[in-house]
Amino acid sequence: MKIEQIYTGCLAEAAYYIESNGEAAIIDPLREVGTYLKKAEKAGATIKYIFETHFHADFVSGHVDLAEKSGAKIIYGPTAKTEFESHIAKDREQFKIGNLTITALHTPGHTLESTTYLLTDENGKDHCIFSGDTLFIGDVGRPDLAQKRKFNHGRFSRNALRFLE
Amino acid sequence: MEDLAGMLYDSLSEKIKPLADDVIVYPAHGAGSACGKSMSKETFDTLGHQKQVNYALKAQTKEQFIKEVTDGIMPPPQYFAKNAAMNKGGVDSIDDVYEKGLNALTPQAFENTANQTGAILLDTRDPQLFAKGFIPNSINIGLNGQFAPWVGALITDLQQPILLITDEGKEQESITRLTRVGYDHTIGYLDGGFERWTDAGKEIDTIETISAETFELAVQDNEIIALDVRKPGEYESEHLEFTLSRPLDFIDDWMGEIDPEATYYIHCAGGYRSMIAASILKSRGVENVIDVAGGYGAIKNTGLKRTDFACPSKAMKV
Chain A
4 MKIEQIYTGC LAEAAYYIES NGEAAIIDPL REVGTYLKKA EKAGATIKYI
54 FETHFHADFV SGHVDLAEKS GAKIIYGPTA KTEFESHIAK DREQFKIGNL
104 TITALHTPGH TLESTTYLLT DENGKDHCIF SGDTLFIGDV GRPDLAQKRK
154 FNHGRFSRNA LRFLE
Chain B
39 MEDLAGMLYD SLSEKIKPLA DDVIVYPAHG AGSACGKSMS KETFDTLGHQ
89 KQVNYALKAQ TKEQFIKEVT DGIMPPPQYF AKNAAMNKGG VDSIDDVYEK
139 GLNALTPQAF ENTANQTGAI LLDTRDPQLF AKGFIPNSIN IGLNGQFAPW
189 VGALITDLQQ PILLITDEGK EQESITRLTR VGYDHTIGYL DGGFERWTDA
239 GKEIDTIETI SAETFELAVQ DNEIIALDVR KPGEYESEHL EFTLSRPLDF
289 IDDWMGEIDP EATYYIHCAG GYRSMIAASI LKSRGVENVI DVAGGYGAIK
339 NTGLKRTDFA CPSKAMKV
């Protein structure tokens with residue numbers, strides 16, 4: 004079992020590389036996906052899943068690019084709607100990465116689709132959670148963004164229209 | 039917001055807290071992220087320890103949780119809703135972004151492209167290096183800081199064409215860090231960096247930057263206007279008695295009150311944000327902007343009078 008935190012200081016963002024028995028998964032990848040592809044290639048592992056803890060607001064994730072380049076499946080939590088191909092997990096749905104099990108725990112609050120991924124090791128013991136913006140070290144995710152989006156959406160649409168004109 | 043906060047309380051109580059204490063918590067962010075308000079420096083911990091120290095997990099009732107979690111949240115930066123929409127909809131491959139952006143331009147071509155496209159001139163060099171000489175109207179947001187979040191907070195149009203001035207060899211890193219927050223329209227960079235621009239005899243601009251000691255002398259001799267561009271919370275916790283709180287985060291809101299004929303001294307915490315603010319003021323026609331190098335960290339070592347309480351008449355309402 005390998006779990007690596009890939010921390011980017013500029014955004015204070017952590018992506019994760021998980022690997023077991025020739026299979027790998029990436030949690031919340033950044034836009035430049037070459038790093039993850041190289042890691043998996045070096046280990047001779049196939050990236051099977053890309054887990055997104057929620058629709059990030061503070062950075063653009065590389066999930067679509069990474070899925071195209073690796074053939075991995077994109078997983079979001081319950082209630083998420085995407086305009087690209089993805090698998091929307093049910094609450095407590097399980098996924099296998101080699102000998103490891105990931106269980107999707109729907110944890111709405113920061114946003115409605117926010118999901119925590121629980122990793123259980125090869126012996127069936129709960130090892131860690133990838134908590135996204137639901138639980139931080141010393142804090143929790145701000146609960147105002149999902150609401151604000153409604154307000155800002157109009158502005159975004161207008162900008163998009165202006166761009167088309 | 040209270041509804042979602044209540045939902046978050048239930049999620050934590052029902053799904054997270056029942057897990058074993060030795061389970062490791064791997065979050066998506068650490069200190070400095072605008073997704074929370076008081077994150078620790080550590081980037082992971084055990085759930086058991088978090089139950090003991092995390093204020094949100096310690097809250098005894100839902101009401102208390104909601105109150106503490108919603109208290110004192112800064113408004114989100116403008117790019118948040120836009121990035122969320124991009125994450126739902128999908129974006130260009132990063133390879134296409136590089137192809138468009140890694141376009142080496144001679145000083146003349148750079149100048150022509152700038153004039154034709156109205157691109158923003160973004161200089162990603164160190165603030166102190168920038169101050170010594172830069173292309174007129176360029177904005178400094180250094181790579182050596184929270185580059186992407188500041189780009190996101192300050193450049194409101196994500197479709198804005200961008201021309202880069204970087205340290206040599208930092209073009210690709212600059213483009214990568216722009217795309218991380220959805221700025222995919224870099225259309226070129228100054229080949230060979232700023233030196234080529236001066237070699238070509240092109241016009242340059244500078245920003246006066248002074249030490250905290252010189253700042254102290256200036257204050258003793260004259261009536262001056264000094265702007266503290268740190269976040270409201272930083273200002274409230276401690277600031278100089280005579281400075282005005284004008285957070286960089288809200289520069290568009292206070293730009294209107296700036297008198298182009300006046301002289302402004304600007305400081306932040308360490309000198310990164312003050313140069314961003316100074317370059318923006320300069321680009322908008324304010325000629326006399328003076329940066330205090332080293333920011334509040336250096337100012338603290340002078341004899342200038344500090345206060346540790348908020349002065350509501352001076353603090354901007356946000």
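Going line by line, the protein sequences match chains A and B. Numbering of the first sequence is given in my numbering, commencing with residue 4 and proceeding in unit increments. Numbering of the second sequence is given in my numbering, commencing with residue 39 and proceeding in unit increments. Glycine residues also receive a C-beta, built at the ideal position from the N, C-alpha and C atoms. Predicted model, so just to flag it, every value in this text is computed and none were measured.
Run of the beta strand (DSSP E) containing residue i, from where it starts to where it stops
i      : result
A/K99  : Q97 to I100
A/I21  : E16 to S23
B/H305 : T301 to H305
B/P65  : I62 to P65
A/Q8   : K5 to T11
B/T266 : Looking at the sequence provided, one finds Asp at residue 266 of chain B rather than Thr. That run of the beta strand (DSSP E) goes I263 to D266.
A/L122 : T118 to T123
Simplified DSSP assignment, three categories, for residue i
i      : result
A/R34  : coil
B/G226 : strand
A/H66  : helix
A/G171 : Any property of residue 171 of chain A remains undetermined from this structure, which presents chain A solely from 4 to 168.
A/A163 : Model confidence at A/A163 stands at a pLDDT of 33, short of 50, so the residue's coordinates are unreliable and nothing is read from them.
A/A48  : coil
B/E40  : helix
A/I132 : strand
A/D61  : coil
B/E52  : helix
B/V327 : strand
B/E206 : coil
B/F280 : coil
A/A83  : coil
B/R234 : helix
A/A92  : coil
A/L108 : strand
A/K153 : Reliability of the predicted coordinates at A/K153 is poor, the pLDDT of 40 falling under 50, and no value is obtained from them.
A/E26  : strand
Length of the line joining the Cα atoms of residue i and residue j
i      : j      : result
B/A336 : B/G308 : 8 Å
B/A191 : B/D59  : 38 Å
B/G106 : A/I77  : Sequence check: residue 106 of chain B is Glu here, not Gly. Using only the alpha carbons, I get a separation of about 34 Å.
A/K128 : A/G37  : 32 Å
A/T82  : A/T110 : 11 Å
B/N339 : B/H277 : 13 Å
B/T224 : B/D134 : 11 Å
A/T11  : B/S321 : 31 Å
B/L342 : B/I263 : 15 Å
A/R152 : B/A331 : Low local confidence applies: a pLDDT of 44 at A/R152 is under 50, so the model's placement there is unreliable, and no value is given.
B/L319 : B/H305 : 13 Å
A/Y20  : B/V324 : 48 Å
B/N92  : B/Y117 : 28 Å
A/A48  : A/A70  : 15 Å
A/H90  : A/Y120 : 14 Å
B/D243 : B/K269 : 28 Å
A/K51  : A/K93  : 18 Å
A/C13  : B/A72  : 12 Å
A/K72  : B/D130 : 13 Å
B/R344 : B/Y334 : 10 Å
A/K29  : B/L143 : The displayed chain sequence assigns Ile, not Lys, to residue 29 of chain A. If you take the alpha carbons of A/I29 and B/L143, they lie about 37 Å apart.
B/W235 : B/T162 : 15 Å
B/G230 : B/S212 : 15 Å
A/T56  : A/E116 : 8 Å
Where the alpha helix (DSSP H) containing residue i begins and where it ends
i      : result
B/L216 : E209 to T217
B/S312 : Y310 to S321
B/S275 : P270 to S275
B/A336 : G333 to I337
B/A94  : Y93 to K96
B/E251 : A250 to D259
B/D59  : Element bounds for B/D59: n/a, residue is neither H nor E.
B/I289 : I289 to W292
C-beta contact flag for residue i and residue j at 8 Å
i      : j      : result
A/I132 : B/T81  : no
A/A18  : A/L40  : no
B/G14  : B/D164 : Residue 14 of chain B lies beyond the range of chain B shown here (39 to 356); nothing can be said about it.
B/F168 : B/N178 : yes
A/F62  : B/N121 : yes
A/Q97  : B/Y64  : no
A/I202 : A/F58  : Because chain A in this structure spans residues 4 to 168, residue 202 of chain A falls outside the shown range and cannot be described.
A/T85  : B/K126 : yes
B/M313 : B/D291 : no
A/R95  : A/L108 : yes
B/I132 : A/E35  : yes
> Which full runs of the alpha helix (DSSP H) of 4+ residues lie inside the region 103 to 185 of chain B, going along the chain?
Replying inline: Listed in chain order, they are 117 to 127, 132 to 139, 145 to 155 and 165 to 170.
>> Short of 8 Å Cβ to Cβ, which residues in the region 66 to 85 of chain B face chain D?
In response: Reference to chain D is not applicable here, since the protein chains of this structure are A and B.
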